[in-house]
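Read through the structure below, which is laid out as structure tokens, and then see the notes.
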Amino acid sequence: MKPLIHPTEATYDYIADAIADKGYCVLPQLLHANMNNALQQRVMNLDEDDFKRAGIGREQDFQLNNTVRRDETRWLTLDNSIDKAYLDQMAEFRLAMNRRLFMGLFDYEAHYAHYARGAFYKKHVDAFKGESNRVLTTVLYLNPEWQEADGGQLFIYAADSDTVIESVNPNFGCFVIFLSEQFPHEVVKSYRDRYSIAGWFRLHDPLQAPLI
Ligand code: OGA
Ligand code: MN
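Heads up: the sequence shown is residues 1 to 212, going by the UniProt record's numbering.
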């Protein structure tokens, strides 16, 4: 897939300012409609077998836990042209943030997520201070005509608190960015199939195997 109209420099300025000011940003739209459509077609056409039940923790610590999360995920890979188009856009996004915020973001990993009816993801943080190299979380939503009553909202909490500072409907094209270590968040129970792409910009971890 050819790169489409990119987010403008002004959009990147706006996002960088929001991250610097409050640590997160919710954009009703970021990418070109054709890109959102292609990603939606792709996720809808993935076979159920392509998805894996998501667990908690990495590698040796990995465990399935029905009470914490019920989504199913599939990593994006460069050998698929649509995945690659999205990963390329995020590479550009990464450079745009590095230029403005000097965050030293090094790479990006992302997976499609499917929340079947009844699925949720309890309050959690994506990275614990000092323990992970995930620094910036992104979520792109791929659900046309989402209604408030469909549930599945993303609640973003103020750091170390039970105060919900943002409730986001997973509307088609909506893009959310937040500092991974700072914001506990949760996906409330969804009453409809809910599709998204969650991704993480990471710092370079010299102890980790080289990235492919
Ligand atoms: C996650 C996550 C939020 C969402 O995958 O870690 O918090 O709204 N996703 O899908
Ligand atoms: Mn999360």
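Note that beta-carbon positions come from the ideal geometry of N, C-alpha and C, so glycine has one too.
Three-way DSSP call (helix, strand, coil) for residue i in this model
i           : result
residue 178 : strand
residue 84  : helix
residue 12  : helix
residue 101 : helix
residue 150 : helix
residue 95  : helix
Bridge partners - residue i, DSSP secondary structure assignment
i           : result
residue 78  : None, per the DSSP bridge assignment.
residue 112 : 74, 197
residue 164 : 157
residue 141 : 196
residue 69  : 121
residue 126 : Bridge partners of residue 126: none, in fact.
residue 203 : Partner(s): none; residue 203 has no beta bridge.
residue 171 : 143
residue 187 : 121, 154
Nearest-angstrom Cα separation, counted from residue j out to residue i
i           : j           : result
residue 170 : residue 205 : 32 angstroms
residue 221 : residue 198 : Any answer about residue 221 is impossible in this case: the structure gives the chain only from 1 up to 212.
residue 159 : residue 91  : 28 angstroms
residue 85  : residue 141 : 16 angstroms
residue 195 : residue 102 : 31 angstroms
residue 107 : residue 138 : 13 angstroms
residue 93  : residue 34  : 18 angstroms
residue 122 : residue 38  : 29 angstroms
residue 67  : residue 10  : 42 angstroms
residue 113 : residue 163 : 26 angstroms
residue 172 : residue 143 : 5 angstroms
residue 50  : residue 44  : 11 angstroms
residue 57  : residue 28  : 30 angstroms
residue 24  : residue 41  : 28 angstroms
residue 72  : residue 32  : 26 angstroms
residue 146 : residue 98  : 33 angstroms
Cβ-heavy atom distance, residue i to the ligand HEM, below 7 angstroms
i          : result
residue 19 : Ligands displayed in this structure: the ligand OGA and the ligand MN; the ligand HEM is not among them.
Contact with chain D by residue i, beta-carbon distance below 8 angstroms
i          : result
residue 84 : Absent here is chain D; the protein component of the structure consists of one chain.
Chain-ordered residues, beta carbon under 5 angstroms from a heavy atom of the ligand OGA = 139, 154, 187, 196, 198
Every unbroken alpha helix (DSSP H) inside the stretch 7 to 52 [4 residues or more] = 9 to 22, 33 to 45
query = Of all residues in the structure, which have a C-beta closer than 6 angstroms to any heavy atom of the ligand MN, taken in chain order?
reply = 124, 126, 185
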